[in-house]
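Peer 1: Residue numbers (the UniProt record's numbering), protein chains in the order written: chain A, 1 to 216; chain B, 1 to 216.
A virtual CB, placed ideally from N, CA and C, is assigned to each residue, including glycine.
Below is the structure I would like to discuss, written out as structure tokens.
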DNA sequence: TGGTTTACAAACGTGAATGTATGTAACAGC
DNA sequence: GCTGTTACATACATTCACGTTTGTAAACCA
């Protein structure tokens with residue numbers, strides 16, 4: 001019984017959703033395509049029609065969340081008139097907060113950090129991941145090196161060290177919270193968790209964001 | 001051809017070493033006991049004699065590094081006459097530095113962070129891991145709350161937030177460096193990476209460790 | 001409206017990994 | 001020196017997941 005194009009797309013997302021759930025519960029390599037198909041209400045035939053194999057399915061799943069994330073990061077390099085250090089801080093805080101608000105993001109990051117092994121078959125996914133991370137670090141490092149920022153860094157903090165420590169904190173908080181969502185409350189605590197670090201990075205880091213200067 | 005007791009122990013460590021190497025290369029669930037056995041120069045019979053199954057083998061492998069780690073952490077709660085904040089800082093720096101010095105530790109942590117999925121069969125391992133992490137966080141939180149420390153924390157930094165952010169940084173640096181050992185040099189950079197954070201945590205964090213007061 | 005292609009379902013063949021059961025030679029104790 | 005046990009090797013049975021192939025009804029198009 002052939003479906004219409006919309007129905008086909010519907011089963012595609014059903015497969016993706018089922019995979020997401022099962023990967024989260026049982027781990028990527030312990031989840032079989034048969035289980036995914038059954039959970040999506042189809043057979044393995046449908047899975048193999050929409051995706052080449054499990055690795056491609058996994059890749060497609062990650063794309064749902066990586067693409068918007070990359071856009072968000074690129075926005076930093078533009079960074080209009082406002083303080084780029086505050087923009088960076090807001091980006092970090094927002095990233096943690098969004099974990100609590102966006103259930104799909106939470107699931108997918110939990111899978112990425114705790115439920116998959118980066119081995120040969122996922123090597124390509126790992127590479128793209130590494131590229132994104134390196135771009136982020138390079139961007140932050142370059143941001144810290146800007147004339148308006150560099151002189152605001154604490155003594156002894158180089159752009160290189162600052163970028164790497166900040167990314168470490170970001171990744172660590174992602175890892176910790178996805179492992180145990182009870183460890184802290186993203187909405188309430190994210191700002192404080194990063195402000196600790198920014199106070200170590202930036203001289204005279206304000207305790208609270210000062211009001212924006214009135215735009216004439 | 002039965003072996004003597006020492007020889008038997010020798011094959012046991014050979015199996016553990018082979019598993020360590022293969023888990024690192026191919027991921028835990030993508031490594032078969034047959035491959036481990038061949039790499040160790042034995043057959044699956046030997047593996048099943050020494051270990052109940054792959055999960056128990058994995059568990060035994062982790063014990064090689066977790067047990068000394070737990071001792072190290074517990075030493076913090078004692079924390080003799082010296083400044084407990086500096087002791088904590090040294091513990092963190094030393095943890096990162098030891099990654100570069102101890103190859104086995106580096107391999108096992110890489111496996112833990114990037115080459116295994118915490119699923120049903122490793123649930124027990126995951127639990128013990130979580131217990132250790134929670135103990136570490138609780139210990140740091142309690143340390144920050146001590147009379148001699150609490151008043152040295154920066155305004156707005158609670159023991160709760162301080163402990164969680166510090167652990168986040170620690171985990172993130174582990175994760176980042178095991179993913180890409182070229183990202184920074186543990187020996188050269190570990191101190192700077194943590195000092196950024198400690199400056200955000202503690203008031204008047206010294207740029208360099210001042211000489212210890214002369215012991216009378 | 002008839003042929004073509006789509007979107008799957010069902011069936012097939014295959015290799016591989018697991019756990020267990022059995023065999024066996026040598027060590028360790030008496 | 002005999003025996004029970006150890007430290008494995010070998011053989012076996014079973015299950016399971018994968019990839020491919022074939023079948024098919026319905027949608028899409030001319």
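If contacts are defined as beta-carbon pairs under 8 Å, then residue 207(B) and residue 204(A) qualify, I think. What distance do you get, rounded to the angstrom?
Peer 2: Taking the second chain and counting its residues from 1, one reaches residue 207(B) at position 207. Taking the first chain and counting its residues from 1, one reaches residue 204(A) at position 204. Between residue 204(A) and residue 207(B) the Cβ distance is about 17 Å, and since that is not below 8 Å, they are no contact.
Peer 1: Using a Cβ cut-off of 9 Å, which residues of the stretch 171-196 of chain A contact any Cβ in chain B, in chain order?
Peer 2: Taking 9 Å as the Cβ-Cβ cut-off against chain B, the residues of the stretch 171-196 of chain A that qualify are 171, 172, 173, 174, 175, 176, 177, 179, 180, 183, 184, 189, 192, 193, 194, 195, 196.
Peer 1: Does any residue of chain B have a CB that is nearer than 7 Å to the CB of residue 119(A)?
Peer 2: In the first chain, the residue the question calls residue 119(A) occupies position 119. Yes, because at least one Cβ of chain B sits closer than 7 Å to the Cβ of residue 119(A).
Peer 1: Check distances from the C-beta atoms of the stretch 137-158 of chain A to those of chain B and list, in chain order, the residues that come in under 9 Å.
Peer 2: The residues in question are 137, 154, 155, 156, 157, 158.
Peer 1: Does residue 72(A) come out as helix, strand or coil in the three-state DSSP assignment?
Peer 2: As a first step, residue 72(A) must be located in the first chain, where it is residue number 72. Reduced to three states, the DSSP call for residue 72(A) is helix.
Peer 1: Taking the alpha-carbon positions, what's the residue 150(A) to residue 144(A) distance?
Peer 2: Position 150 of the first chain, counting from 1, holds the residue named residue 150(A). Position 144 of the first chain, counting from 1, holds the residue named residue 144(A). Each residue's alpha carbon lies about 5 Å from the other.
Peer 1: Select from 47(A), 57(A), 31(A), 59(A) the residue whose C-alpha is nearest the C-alpha of residue 11(A).
Peer 2: Here residue 11(A) is taken as the residue at index 11 of the first chain, counted from 1. Nearest C-alpha to residue 11(A): 47(A).
Peer 1: So is residue 77(A) in contact with chain B if we call contact Cβ pairs under 7 Å?
Peer 2: By one-based count along the first chain, residue 77(A) stands at place 77. Cβ-Cβ to chain B under 7 Å: no for residue 77(A).
Peer 1: Buried or exposed for residue 165(B), please, with buried defined as at least 16 other CB atoms from any protein chain shown within 10 angstroms of its CB.
Peer 2: Taking the second chain and counting its residues from 1, one reaches residue 165(B) at position 165. The residue in question, residue 165(B), is buried, as its Cβ has 16 or more Cβ neighbours within 10 Å.
Peer 1: How would you label residue 77(A), buried or exposed, when you count the other beta carbons within 10 angstroms and need 16 or more for buried?
Peer 2: One-based indexing of the first chain puts residue 77(A) at position 77. It counts as exposed.
Peer 1: Tell me where the alpha helix (DSSP H) around residue 114(B) begins and ends.
Peer 2: As a working mapping, residue 114(B) is identified with position 114 in the second chain. Taken as a continuous stretch (DSSP letters only), the alpha helix (DSSP H) holding residue 114(B) covers 103-114.
Peer 1: Between the C-alpha atoms of residue 114(A) and residue 162(B), what's the straight-line distance to the nearest angstrom?
Peer 2: As a working note, residue 114(A) is residue 114 in the first chain. As a working note, residue 162(B) is residue 162 in the second chain. About 24 Å.
Peer 1: Just checking: is the beta-carbon of residue 56(A) within a distance shorter than 7 Å of some beta-carbon in chain B?
Peer 2: Position 56 of the first chain, counting from 1, holds the residue named residue 56(A). No, no contact with chain B.
Peer 1: Which residue's Cα is closest to the Cα of residue 95(A): 129(A), 138(A), 191(A)?
Peer 2: As a first step, residue 95(A) must be located in the first chain, where it is residue number 95. Cα-wise, what sits closest to residue 95(A) is 191(A).
Peer 1: Taking the alpha carbon of residue 179(B) as the reference point, which residue from 178(A), 146(A), 126(A) has its own alpha carbon closest?
Peer 2: Numbered from 1 along the second chain, position 179 holds the residue referred to as residue 179(B). The candidate whose alpha carbon is nearest that of residue 179(B) is 126(A).
Peer 1: I'd like to know if residue 202(B) contacts chain A, where contact means its C-beta is closer than 7 Å to some C-beta of that chain.
Peer 2: Here residue 202(B) is taken as the residue at index 202 of the second chain, counted from 1. Chain A contact via Cβ: absent.
Peer 1: Residues in the same chain with beta-carbon distance under 8 Å from residue 60(A), minus the five sequence neighbours each way, listed in chain order, please.
Peer 2: For the purposes of this step, residue 60(A) is taken as residue 60 along the first chain, with counting starting at 1. Cβ within range, chain order: 16, 51.
Peer 1: Mind pulling the alpha helix (DSSP H) runs of 4 or more residues that sit fully within the stretch 141-214 of chain B?
Peer 2: Fully enclosed alpha helix (DSSP H) runs of 4 or longer: 147-150, 159-179, 186-201.
Peer 1: Within 10 angstroms of its Cβ, does residue 218(B) collect 16 or more other Cβ (buried), or is it exposed?
Peer 2: No information on residue 218(B) is available, as it lies outside the stretch 1 to 216 that chain B covers here.
Peer 1: Return the CA-CA distance between residue 148(B) and residue 140(A), expressed in angstroms with no decimal places.
Peer 2: Counted from its first residue, the second chain places residue 148(B) at position 148. Counted from its first residue, the first chain places residue 140(A) at position 140. Roughly 36 Å between the two C-alpha positions.
Peer 1: Would you kindly check if the distance between the Cβ of residue 36(B) and the Cβ of residue 22(B) is under 7 Å?
Peer 2: Along the second chain, one-based indexing puts residue 22(B) at 22. Along the second chain, one-based indexing puts residue 36(B) at 36. Yes; because the gap between Cβ atoms is below 7 Å, this pair is in contact.
Peer 1: Flag residue 92(A) as yes if its beta-carbon sits less than 7 Å from any beta-carbon of chain B, otherwise no.
Peer 2: Position 92 of the first chain, counting from 1, holds the residue named residue 92(A). So, not an interface residue.
Peer 1: Does any residue of chain B bring its CB to less than 7 Å from the CB of residue 7(A)?
Peer 2: Locating residue 7(A) in the first chain gives position 7, where the first residue counts as 1. Taking Cβ atoms only, chain B never reaches closer than 7 Å to residue 7(A), which makes this a no.
Peer 1: Exposed or buried, which one is residue 216(A) when buried takes at least 16 other CB atoms within 10 Å?
Peer 2: To locate residue 216(A), count along the first chain from 1; it is residue 216. Unreliable placement is indicated for residue 216(A), whose pLDDT of 42 sits below 50; the coordinate value is still reported in the next sentence. Result: exposed.
Peer 1: For residue 216(B) and chain A, any beta-carbon pair shorter than 7 Å?
Peer 2: If you number the second chain from 1, residue 216(B) lands on position 216. Low confidence applies here, because residue 216(B) scores a pLDDT of 43, under 50, leaving its location unreliable; read the following figure in that light. Residue 216(B) does not count as touching chain A.
Peer 1: Indicate the three-state DSSP secondary structure (helix, strand or coil) for residue 34(B) in the structure shown.
Peer 2: Here residue 34(B) corresponds to residue number 34 of the second chain, with the count starting at 1. Here residue 34(B) sits in helix by DSSP.
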